[in-house]
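Below is one structure, written out as structure tokens; comments come after it.
Chains as they are written, first to last, in the numbering used here: chain X, 2 to 223; chain D, 2 to 250.
Given below as structure tokens:
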């Protein structure tokens with residue numbers, strides 16, 4: 002066998018063996034789901050939605066001792082959760098690429114930028130634990146029409162799922178529950194934040210206590 | 002050769018009648034031990050405080066209580082109750098749990114779901130919520146709370162393999178406890194109609210004499226059957242129901 006051919010053969014085997022080893026020690030989860038549109042009253046404001054690239058392509062990796070290298074892709078799920086959520090939460094939304102500059106006429110009342118600040122998960126090793134758990138924390142940054150920060154609001158979601166035969170499925174289900182939970186908090190508690198209340202007041206909506214899901218309920222009850 | 006074999010046979014001691022009795026008795030005792038060791042005990046306590054009866058065109062939705070960190074009614078169990086209610090004798094129209102949660106999102110998520118009927122009445126004051134519920138046709142919500150847990154286990158089985166063959170020897174056992182509460186809310190009248198409590202214990206045994214023989218009990222399946230039977234009675238019997246606990250061996 003010629004030496005060059007033997008070298009190529011050996012390299013190919015080495016590459017295959019490395020790939021097999023890496024493949025055998027890694028677990029990949031692509032979180033995909035359809036999220037429902039929330040049943041809330043829209044706030045009477047026009048908001049620009051700035052979804053950064055890192056949220057679209059969010060991938061979490063962690064080398065879990067005694068298990069494997071986990072890779073969890075949340076990008077698609079983030080988009081399908083946040084888009085209908087924001088569309089329903091505000092009277093009018095539009096996608097923007099950047100924060101508004103001071104004094105610029107944009108025709109919007111503010112810009113909302115969501116990011117993921119934390120992600121954690123736990124897959125039990127022992128037989129007595131039967132739940133996979135996922136924690137996710139979004140950071141919602143609201144800016145006014147001049148690009149000034151109104152609020153940086155951390156919203157957490159927790160989800161768990163029974164550990165069945167397929168660990169990836171259980172992680173995916175727990176992640177979806179955690180995202181739904183975070184979405185529920187965003188859609189029901191956003192208008193309750195004091196800074197958001199005063200921002201709404203500055204926008205001339207202070208006299209409209211019916212804005213937002215919580216206040217809307219109070220108005221109807223009166 | 003034949004006479005020798007005949008001689009050998011004659012030399013073997015005949016089993017005594019008393020020895021045979023002991024062997025039979027031991028075999029019966031072993032089988033009885035396994036059969037009685039593997040079994041299910043069930044206790045169902047229904048309590049109905051209202052007189053609600055489901056009418057034609059009204060639906061039921063079965064939901065799991067998800068507020069607890071360490072236990073939660075399993076998705077399979079919720080599905081089992083939903084399916085069993087909609088089939089068999091006196092079938093009830095059941096709305097799919099996931100579909101209901103999606104239609105009512107975000108108001109039936111773990112952090113937002115009403116814990117009391119007062120919370121439910123506050124929830125219905127929110128714009129659009131009551132209309133959405135009416136659109137589903139759901140009149141009764143069955144909240145399932147509880148789980149199936151392993152409460153005890155013991156024994157052990159050893160297996161070995163060699164050139165001549167392989168085999169196992171020993172005895173393993175375990176006990177699972179399925180405890181569930183099904184609380185029925187009437188969402189039109191905004192009141193709790195009552196609760197059915199089911200506690201089903203199941204002991205499984207696995208003796209191994211060369212081959213392991215599993216005798217597995219399924220307390221969760223029993224709990225599903227018992228709760229469904231009681232729920233059907235609960236939702237179709239107006240009065241005089243839920244007087245005393247129901248025991249089953």
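Glycine included, every Cβ here is placed at the ideal spot set by N, Cα and C. Just so it is clear, the structure is predicted and the values come from calculations on it, not from any experiment.
- Counting of Cβ neighbours within 10 angstroms places residue 215 of chain D among the exposed residues, the total staying below 16.
- For the pair residue 43 of chain X and residue 176 of chain X, the Cα-to-Cα distance works out to about 26 Å.
- Within the model, the alpha-carbon separation for residue 188 of chain D versus residue 100 of chain D is close to 17 Å.
- The Cβ atoms of residue 54 of chain D and residue 141 of chain D lie no closer than 8 Å to each other.
- Here residue 116 of chain X has 53, 55, 56, 139, 140, 142 as same chain residues with Cβ atoms under 8 Å from its own Cβ, once five neighbours each way along the sequence are excluded.
- Taking 8 Å as the cut-off, the beta carbon of residue 202 of chain D is found closer than this to the beta carbon of residue 42 of chain D.
- Non-local beta-carbon contacts of residue 39 of chain D in its own chain, meaning distances under 7 Å to residues more than five positions away in sequence, involve 204, 205, 206, 216, 218 in chain order.
- Interface annotation for the stretch 109 to 123 of chain D against chain X: 110, 111, 112, 113, 123, criterion Cβ-Cβ distance under 8 Å.
- Here residue 90 of chain X is buried. Its C-beta has 16 or more other C-beta atoms within 10 Å.
- Among the CB atoms of chain D, one or more fall inside 8 Å of the CB of residue 184 of chain X.
- Residue 200 of chain X carries a helical assignment under DSSP once its states are collapsed to helix, strand and coil.
- DSSP places residue 220 of chain D in the helix class (H, G or I) of the three-state scheme.
- Using a CB distance cut-off of 8 Å, residue 103 of chain D counts as an interface residue toward chain X.
- Less than 8 Å divides the Cβ of residue 199 of chain D from the Cβ of residue 181 of chain D.
- At least 8 Å separates the CB of residue 69 of chain X from every CB of chain D.
- Along the stretch 123 to 157 of chain D, the beta strand (DSSP E) does not occur as any fully enclosed run of 3 or more residues.
- Burial is judged here by how many other beta carbons sit within 10 angstroms of a residue's own beta carbon; residue 69 of chain D has fewer than 16 and is exposed.
- By the rule that beta-carbons nearer than 8 Å mark a contact, residue 221 of chain D does not touch chain X.
- In the DSSP assignment, residue 115 of chain X falls within the beta strand (DSSP E) that extends over 111 to 123.
- Following the DSSP letters along the chain, one finds residue 169 of chain D inside the beta strand (DSSP E) bounded by residues 166 to 187.
- Counting every other CB atom within 10 Å of its CB across the protein chains shown gives residue 148 of chain D a total of 16 or more, marking it as buried.
- Close to residue 133 of chain D, with beta-carbon spacing below 9 Å, are these residues of chain X in chain order: 40.
- In the pairwise beta carbon analysis, the stretch 100 to 116 of chain D is classified as touching the stretch 126 to 140 of chain D: at least three pairs are separated by under 8 Å.
- Leaving aside the five residues that flank residue 125 of chain X on each side, the residues in its chain whose CB is nearer than 8 Å to its CB run, in chain order, 131, 132, 133, 164.
- Contact note: residue 95 of chain D does not reach chain X at a C-beta cutoff of 9 Å; the least C-beta distance is about 20 Å.
- Segment contact: the stretch 74 to 88 of chain X against the stretch 31 to 40 of chain X, three or more CB-CB distances shorter than 8 Å; contact assigned.
- According to DSSP, residue 160 of chain D shares a beta bridge with D:169.
- Residue 37 of chain X belongs to the set of residues whose beta carbon lies under 8 Å from a beta carbon in chain D.
- When Cβ-Cβ separations below 8 Å define contact, residue 76 of chain D makes contact with chain X.
- Residue 109 of chain D is a Cβ neighbour of residue 64 of chain D, given a cutoff of 8 Å.
- Contact note: residue 181 of chain X reaches chain D through 110, using a C-beta cutoff of 7 Å and chain order.
- Here residue 105 of chain X is exposed: its Cβ has fewer than 16 other Cβ atoms, across all protein chains shown, within 10 Å.
- Here the alpha carbon of residue 191 of chain D sits roughly 14 Å from the alpha carbon of residue 52 of chain D.
- Residue 64 of chain D is bridged by DSSP to D:144.
- For the C-beta of residue 189 of chain X, the chain D residues within less than 7 Å are, from N- to C-terminus, 107, 113.
- One thing to note: residue 157 of chain D has its Cβ no nearer than 8 Å to the Cβ of residue 168 of chain D.
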